[in-house]
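Novice: Listed in order, the protein sequences are those of chains A and P.
Okay, so the first sequence: first residue is 1 according to my numbering, each after it adds one.
Okay, so the second sequence: first residue is 1 according to my numbering, each after it adds one.
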Amino acid sequence: AQSVSQHNHHVILSEAASLELGCNYSYGGTVNLFWYVQYPGQHLQLLLKYFSGDPLVKGIKGFEAEFIKSKFSFNLRKPSVQWSDTAEYFCAVNPSQYSGYSTLTFGKGTMLLVSP
Amino acid sequence: ETGVTQSPTHLIKTRGQQVTLRCSSQSGHNTVSWYQQALGQGPQFIFQYYREEENGRGNFPPRFSGLQFPNYSSELNVNALELDDSALYLCASSLNRGRNNEQFFGPGTRLTVL
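1) How do the region 64-84 of chain A and the region 15-30 of chain A stand: do at least 3 beta-carbon pairs fall below 8 Å, yes or no?
2) Closest to A/Phe106 by C-alpha separation, out of A/Ser115, A/Leu112, A/Phe90 and A/Pro95, would be which residue?
3) Give a yes or no on whether the C-beta atoms belonging to A/Lys58 and A/Glu64 are separated by under 9 Å.
4) Within its chain, find whatever has a CB closer than 6 Å to the CB of A/Ser115; leave out the 5 residues flanking it on each side and keep chain order.
5) Alpha carbons only, please: which of A/Gly29, A/Glu88 and A/Gln6 is nearest the one belonging to A/Pro95?
6) Strictly under 9 Å for the Cβ-Cβ distance: is P/Tyr89 near chain C by that measure?
7) Since A/Ser84 is in the beta strand (DSSP E), which residue starts that stretch and which ends it?
8) What would DSSP say about A/Gly62, mapped onto helix, strand or coil?
9) For a cutoff of 9 Å on Cβ pairs, would you count A/Ala102 as touching chain P?
10) Listed in chain order, which residues of the region 49-72 of chain A have Cβ atoms closer than 8 Å to some Cβ of chain P?
11) Which value, in whole angstroms, describes the spacing of the CA atoms of A/Lys49 and P/Arg22?
12) Nearest by alpha-carbon distance to P/Arg15: which of P/Arg110, P/Asn101 and P/Leu83 is it?
13) Give the interface partners of P/Ser33 over in chain A, defined as CB-CB distance under 9 Å, in chain order.
14) Just to confirm the assignment, what range does the beta strand (DSSP E) spanning P/Leu67 have?
15) Who does P/His10 pair with in a DSSP beta bridge?
16) Let me see if you follow: with CB-CB separation under 9 Å, is A/Ser74 close to chain P or not?
17) Could you list which residues in chain A have their beta carbon closer than 7 Å to that of P/Pro61, in chain order?
18) With three or more C-beta pairs closer than 8 Å as the rule, is the region 84-99 of chain P touching the region 33-42 of chain P?
19) Could you confirm whether any beta carbon from chain A is found closer than 9 Å to the beta carbon of P/Phe64?
20) Find the residues of chain A that neighbour P/Ser94, judging by a C-beta separation of less than 8 Å, and give them in chain order.
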């Protein structure tokens with residue numbers, strides 16, 4: 001079945017540590033890729049997105065992600081995390097077969113806890 | 001804040017009952033999508049409405065139904081509630097229905113079925 005896999009359910013880091021959250025998807029063909037973040041008590045909000053072009057995408061708050069087509073991956077990175085990055089992170093995919101509508105298939109999420 | 005609002009915030013129902021959840025889309029957005037987020041899971045697509053018509057549907061049974069109104073607000077109706085329907089229900093609006101349109105999420109409605 002088509003799916004989105006996030007490698008870690010929980011990640012604990014100290015402030016200033018580097019972050020990499022893994023995301024793999026199983027769709028063939030063209031995909032749009034997204035990372036969403038949900039801070040405690042807040043809405044899901046978009047961190048960054050990839051539609052086409054440069055596979056290294058920069059988002060808000062110093063986050064970036066790299067699309068590697070051959071590996072079906074879209075990993076999220078941040079060189080130095082802050083306590084305020086504590087949140088749940090979701091990878092999402094919109095495959096090309098749904099060109100007429102904008103459905104998103106989400107991974108299960110990764111809960112990031114950053115200790116001060 | 002995204003400008004997408006949902007009501008109510010929380011709801012408790014018993015098995016077999018019916019429930020209606022409401023969503024107001026962001027100004028200028030004509031497309032609304034609904035997602036179900038069970039505990040410990042990512043959101044799962046239920047369906048999408050575009051200009052008052054269902055535009056796409058995920059793997060949910062017919063007892064999940066919806067409406068979109070001329071002002072593009074939307075309702076999600078669930079009949080014959082089951083315990084597994086307990087979840088956070090998210091509404092997302094977008095400027096248009098195509099896959100290149102960003103979705104803006106509301107805060108969700110937490111439904112508990114006893």
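A virtual CB, placed ideally from N, CA and C, is assigned to each residue, including glycine.
The structure displayed is predicted, hence computed values, not measured ones.
Specialist: By the coordinates alone:
1) yes
2) A/Phe90
3) yes
4) Ser14
5) A/Gly29
6) Of the protein chains in this structure, namely A and P, none is chain C.
7) Segment: none, A/Ser84 is in no beta strand (DSSP E) and carries neither H nor E.
8) helix
9) One point to set straight first is that residue 102 of chain A is Ser, not Ala, in the sequence displayed. Chain P, which has a Cβ nearer than 9 Å to the Cβ of A/Ser102, makes this yes.
10) Lys49 and Phe51
11) 28 Å
12) P/Leu83
13) Tyr101, Ser102, Thr103 and Leu104
14) Phe64 to Gln68
15) P/Arg110
16) Checking the sequence shown, residue 74 of chain A turns out to be Phe, not Ser. Not an interface residue.
17) In chain order: nothing, as chain A lies at least about 17 Å away.
18) yes
19) no
20) Ser102
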